[in-house]
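Chemist: Respectively, the protein sequence lines represent chains A and B. Just so you know, we're using the working numbering here: the first sequence kicks off at 330 and counts up by one. Just so you know, we're using the working numbering here: the second sequence kicks off at 330 and counts up by one. The beta-carbon is built from N, C-alpha and C at its ideal position, and this holds for glycine as well. These numbers were taken from a predicted model, which means no experiment stands behind them.
Number of protein chains: 2
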Amino acid sequence: MTGRAETLSALAEVFRAYGYEGASLALISRATGLGKGSLYHLFPGGKTEMAACVLAEIDAWFETNIFSPLRDGGPEAVPAMFDAVERYFQSGQRVCLVGVLALGSGRDRFADAVRDYFARWVAALASALRRAGHDPAAGTALAEEAVAQIQGAIVLSRALGEPTLFTRTMAALRSRTAMAAG
Amino acid sequence: MTGRAETLSALAEVFRAYGYEGASLALISRATGLGKGSLYHLFPGGKTEMAACVLAEIDAWFETNIFSPLRDGGPEAVPAMFDAVERYFQSGQRVCLVGVLALGSGRDRFADAVRDYFARWVAALASALRRAGHDPAAGTALAEEAVAQIQGAIVLSRALGEPTLFTRTMAALRSRTAMAAG
DNA sequence: GAGGGGTTGTACCGATCGGTACAAACAGAC
DNA sequence: GTCTGTTTGTACCGATCGGTACAACCCCTC
């Protein structure tokens with residue numbers, strides 16, 4: 330019994346590399362090493378279910394490693410988020426699949442999951458910023474700006490082929506979100 | 330003689346809505362009102378040439394309306410850029426095709442044009458910020474951050490279905506790029 | 001109206017798309 | 001070893017993909 334979980338990461342990389350439309354079953358089969366029979370056994374819903382499962386796994390990872398610490402952790406959760414994000418997105422060389430789906434034509438299909446992901450990210454970061462001493466309104470605005478800037482930095486650093494741009498942007502965000510003192 | 334130029338805007342909207350992979354010739358034909366014969370007469374290179382021409386047209390528009398004013402205009406060019414960007418992207422409801430291509434699988438095919446577009450945008454904005462009185466190093470960093478934030482704001486406001494988020498982000502960028510005094 | 005260029009729709013091409021059917025290969029229980 | 005149920009590869013489905021071929025067409029000149 331090869332579990333679904335094992336194939337999900339390979340699946341995720343295919344969707345990241347080729348997008349939802351571009352990820353053909355032939356590519357998926359090659360990347361996962363599974364024939365169509367196995368794929369449709371694991372994901373009876375086909376490509377849609379595969380992408381949905383990948384999305385759910387990504388969502389769970391962010392929930393555990395980023396959103397939850399932001400909501401419940403101390404003020405060190407904010408810089409920790411930037412560390413985690415920098416690692417996760419491999420300095421902008423790895424695309425945010427949720428962001429890709431937000432822009433692409435798969436948007437309608439996964440609109441709810443995509444909206445949820447970003448809404449929770451912004452809300453969790455805003456909560457952490459508020460507890461770190463930011464003014465509530467300014468904290469929410471800053472949270473939106475920070476998440477947007479992370480997404481944009483991925484686009485930009487990939488487009489320019491400059492991983493350092495992503496790193497630089499994260500550094501700038503780190504200091505922008507740091508409170509001068511209590 | 331229906332010129333290529335007339336069909337380019339319809340073409341651009343199809344690519345924006347469905348991405349490069351998702352924009353099938355059937356969709357393109359429907360959107361432009363042209364049969365395959367006419368399409369391949371106008372664009373002998375097929376879909377690749379269509380997308381390349383759309384990219385070139387977008388590039389030219391930005392060059393004229395945004396990059397050039399940033400490079401050669403006065404300090405009012407920076408806030409004017411945010412106005413133009415807000416209008417062009419329809420408060421984040423309209424996707425940046427260059428950004429989409431930067432993330433998608435068409436990336437390799439159009440990598441040069443995409444890199445050029447963003448590189449010139451950042452350079453032009455940095456130049457304007459420098460002339461507006463920003464420290465050169467800080468100006469470049471701020472330019473990168475601003476372009477990234479514009480791209481990210483499109484992703485985020487579309488994902489959340491909140492055009493106001495884009496408007497808000499642009500407002501924040503306007504004040505962040507404004508110099509306190511000379 | 002006859003001729004001839006550029007322009008157009010349409011039929012068609014092989015390849016590939018996402019998805020299904022199903023039989024061989026496999027496992028563990030007994 | 002035999003049976004049972006799961007896991008797998010493969011052949012196949014109709015539809016659609018990007019692209020080509022080509023004949024009908026329009027419009028202009030004479």
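Hey, quick one: how far does the alpha helix (DSSP H) through Ser358(A) stretch, first residue to last?
Modeler: Along the first sequence, one-based indexing puts residue 358(A) at 29. Where Ser358(A) is concerned, the enclosing alpha helix (DSSP H) stretches over 354-361.
Chemist: Using a Cβ-Cβ distance under 8 Å, would Ile479(B) count as near chain A?
Modeler: In the second sequence, the residue the question calls residue 479(B) occupies position 150. Closer than 8 Å: yes.
Chemist: Compute the distance between the beta-carbons of Val407(A) and Thr506(A), then report whether it is under 8 Å.
Modeler: Here residue 407(A) is taken as the residue at index 78 of the first sequence, counted from 1. Here residue 506(A) is taken as the residue at index 177 of the first sequence, counted from 1. Cβ atoms of Val407(A) and Thr506(A): closer than 8 Å.
Chemist: Comparing the C-beta of Leu494(A) with each C-beta of chain B, is any distance below 8 Å?
Modeler: Within the first sequence, the letter at position 165 stands for residue 494(A). At least one chain B Cβ lies under 8 Å of Leu494(A).
Chemist: How about Gly351(B) and Ser434(A): do their beta carbons lie closer than 8 Å?
Modeler: Here residue 351(B) refers to the residue found at position 22 when the second sequence is read from its first residue. Here residue 434(A) refers to the residue found at position 105 when the first sequence is read from its first residue. In contact: Gly351(B) and Ser434(A) (Cβ atoms closer than 8 Å).
Chemist: Measure how close the beta-carbons of Ala360(A) and Ala339(A) come, nearest whole angstrom, since I'm counting them as under 8 Å.
Modeler: Here residue 360(A) refers to the residue found at position 31 of the first sequence. Here residue 339(A) refers to the residue found at position 10 of the first sequence. The Cβ separation is near 5 Å, so the contact holds.
Chemist: Three or more beta-carbon pairs under 8 Å between the segment 465-485 of chain B and the segment 440-456 of chain B, yes or no?
Modeler: Touching, per the Cβ criterion.
Chemist: Write down the C-beta distance between Leu432(B) and Val484(A) rounded to the nearest angstrom, noting that I regard them as a contact closer than 8 Å.
Modeler: Numbered from its first residue, the second sequence carries residue 432(B) at position 103. Numbered from its first residue, the first sequence carries residue 484(A) at position 155. Contact flag correct, Cβ pair sits at about 6 Å.
Chemist: DSSP state of Arg423(A), grouped into three classes?
Modeler: As a position in the first sequence, residue 423(A) is number 94, starting the count at 1. Arg423(A) falls in the coil class under three-state DSSP.
Chemist: Could you check where the alpha helix (DSSP H) with Gly366(A) kicks off and where it finishes?
Modeler: Reading the first sequence from its first residue, position 37 is the one you call residue 366(A). Segment 365-371, the alpha helix (DSSP H) holding Gly366(A).
Chemist: Would you kindly work out how many angstroms separate the C-alpha atoms of Ala467(A) and Thr498(B), rounded to a whole number?
Modeler: Position 138 of the first sequence, counting from 1, holds the residue named residue 467(A). Position 169 of the second sequence, counting from 1, holds the residue named residue 498(B). If you take the alpha carbons of Ala467(A) and Thr498(B), they lie about 12 Å apart.
Chemist: Among Leu489(A), Arg333(A), Cys382(A), which has the Cα closest to the Cα of Phe447(B)?
Modeler: In the second sequence, residue 447(B) corresponds to position 118, counting from 1. Looking at the Cα atoms, Leu489(A) is the closest of the given residues.
Chemist: Assuming contact is defined by CB atoms lying nearer than 8 Å, are Tyr369(B) and Gly362(B) in contact in what I supplied?
Modeler: Taking the second sequence and counting its residues from 1, one reaches residue 369(B) at position 40. Taking the second sequence and counting its residues from 1, one reaches residue 362(B) at position 33. It is not a contact, given that the beta carbons lie outside the stated cut-off.
Chemist: Look at the alpha carbon of Cys382(A) and the alpha carbon of Leu337(A), and state the distance between them as a whole number of angstroms.
Modeler: Indexing the first sequence from 1 puts residue 382(A) at position 53. Indexing the first sequence from 1 puts residue 337(A) at position 8. Distance between the alpha carbons of Cys382(A) and Leu337(A) is about 8 Å.
Chemist: Using the beta-carbon of each residue, which ones in chain B are nearer than 8 Å to Glu470(A)?
Modeler: Translated into positions along the first sequence, residue 470(A) becomes position 141. For clarity, residue 470(A) is Ala in the given sequence; the question names Glu instead. Correct list: Arg497, Ala501.
Chemist: Which of the three DSSP states, helix, strand or coil, is assigned to Glu342(B)?
Modeler: For the purposes of this step, residue 342(B) is taken as residue 13 along the second sequence, with counting starting at 1. Glu342(B) falls in the helix class under three-state DSSP.
Chemist: What residue range is occupied by the uninterrupted alpha helix (DSSP H) comprising Asp469(B)?
Modeler: Locating residue 469(B) in the second sequence gives position 140, counting from the first residue. In the sequence on display, residue 469(B) carries Thr and not Asp. That run of the alpha helix (DSSP H) goes 465-489.
Chemist: With the cut-off set at 8 Å, would you say Leu384(B) and Phe418(B) are in Cβ contact?
Modeler: For the purposes of this step, residue 384(B) is taken as the residue at position 55 of the second sequence. For the purposes of this step, residue 418(B) is taken as the residue at position 89 of the second sequence. Not closer than 8 Å, so no.
Chemist: I'd like the list of long-range same chain contacts for Gly403(B), defined as Cβ closer than 7 Å, with 5 residues on each side in sequence excluded.
Modeler: Working through the second sequence from its first residue, we reach residue 403(B) at position 74. Same-chain partners within the cutoff: there are none.
Chemist: Which residue wins for smallest C-alpha separation from Arg416(A), given the options Arg400(A), Glu335(A), Pro492(A), Ala501(A)?
Modeler: If you number the first sequence from 1, residue 416(A) lands on position 87. It is Pro492(A) whose Cα lies nearest to the Cα of Arg416(A).
Chemist: So what's Pro404(A) in DSSP terms, helix, strand or just coil?
Modeler: If you number the first sequence from 1, residue 404(A) lands on position 75. In the structure shown, Pro404(A) sits in coil (DSSP, three-state: anything other than H, G, I, E or B).
Chemist: Confirm, please, whether the CB-CB distance from Val424(B) to Ile387(B) is below 8 Å.
Modeler: Position 58 of the second sequence, counted from the start, is the residue given in the question as residue 387(B). Position 95 of the second sequence, counted from the start, is the residue given in the question as residue 424(B). No, these two residues do not count as a Cβ contact at 8 Å.
Chemist: Sort Glu342(B), Gly364(B), Ala389(B), Glu405(B) by Cα distance to Ala442(B) and report the nearest one.
Modeler: As a position in the second sequence, residue 442(B) is number 113, starting the count at 1. Among Glu342(B), Gly364(B), Ala389(B), Glu405(B), the Cα nearest to that of Ala442(B) is on Ala389(B).
Chemist: Would you decide whether Ala455(B) is buried or exposed? Buried here means 16 or more other CB atoms lie within 10 Å of its CB.
Modeler: The count along the second sequence starts at 1 and reaches residue 455(B) at position 126. Looking at its Cβ environment, which holds 16 or more other Cβ atoms inside 10 Å, Ala455(B) is buried.
Chemist: Between the Cα of Ala346(A) and the Cα atoms of Thr469(B), His463(B), Arg345(B), Arg436(B), which residue gives the shortest distance?
Modeler: The sequence position of residue 346(A) within the first sequence is 17, counting from 1. Checked all of Thr469(B), His463(B), Arg345(B), Arg436(B); the closest Cα to Ala346(A) is Arg436(B).
Chemist: Can you tell me whether Thr469(A) is buried or exposed? The criterion is at least 16 other CB atoms within 10 Å of its CB, across all chains shown.
Modeler: Against the first sequence, residue 469(A) aligns to sequence position 140. By the 10 Å Cβ count, Thr469(A) comes out buried.
Chemist: Please classify Met508(A) as buried or exposed, where buried requires at least 16 neighbouring CB atoms within 10 angstroms.
Modeler: As a first step, residue 508(A) must be located in the first sequence, where it is residue number 179. The residue in question, Met508(A), is exposed, as its Cβ has fewer than 16 Cβ neighbours within 10 Å.
Chemist: Buried or exposed for Ala380(A), going by 16 or more other Cβ atoms inside 10 Å?
Modeler: Numbered from its first residue, the first sequence carries residue 380(A) at position 51. Buried, since its Cβ has 16 or more Cβ neighbours within 10 Å.
Chemist: In whole angstroms, what separates the C-alpha of Ile479(A) from that of Leu494(A)?
Modeler: Here residue 479(A) corresponds to residue number 150 of the first sequence, with the count starting at 1. Here residue 494(A) corresponds to residue number 165 of the first sequence, with the count starting at 1. Ile479(A) and Leu494(A): Cα-Cα distance of roughly 11 Å.
Chemist: Comparing alpha-carbon positions, which option in Glu335(A), Ala341(A), Tyr349(A), Asn394(A) lies nearest Ser367(A)?
Modeler: Working through the first sequence from its first residue, we reach residue 367(A) at position 38. Of the listed residues, the one whose Cα sits closest to Ser367(A) is Glu335(A).
Chemist: For Gln422(A), I'd like the list of residues in its chain whose CB is within less than 6 Å of its CB, leaving aside the five on either flank, ordered along the chain.
Modeler: Taking the first sequence and counting its residues from 1, the one referred to as residue 422(A) is at position 93. Result list for Gln422(A): Pro492, in chain order.
Chemist: Rounded to the nearest angstrom, what separates Glu342(B) and Arg460(A) at their Cα positions?
Modeler: On the second sequence, residue 342(B) is found 13 positions in, with the first residue counted as 1. On the first sequence, residue 460(A) is found 131 positions in, with the first residue counted as 1. Whole-angstrom Cα-Cα distance: 43 Å.
Chemist: Closer than 8 Å, CB to CB, is Tyr347(A) near chain B or not?
Modeler: Reading the first sequence from its first residue, position 18 is the one you call residue 347(A). By this cut-off, Tyr347(A) is an interface position.
Chemist: Could you name the residues of the segment 439-473 of chain B whose beta carbon sits closer than 7 Å to any beta carbon of chain A, in the order they occur along the chain?
Modeler: Those would be Val443, Arg444, Phe447, Ala448, Ala470, Glu473, in chain order.
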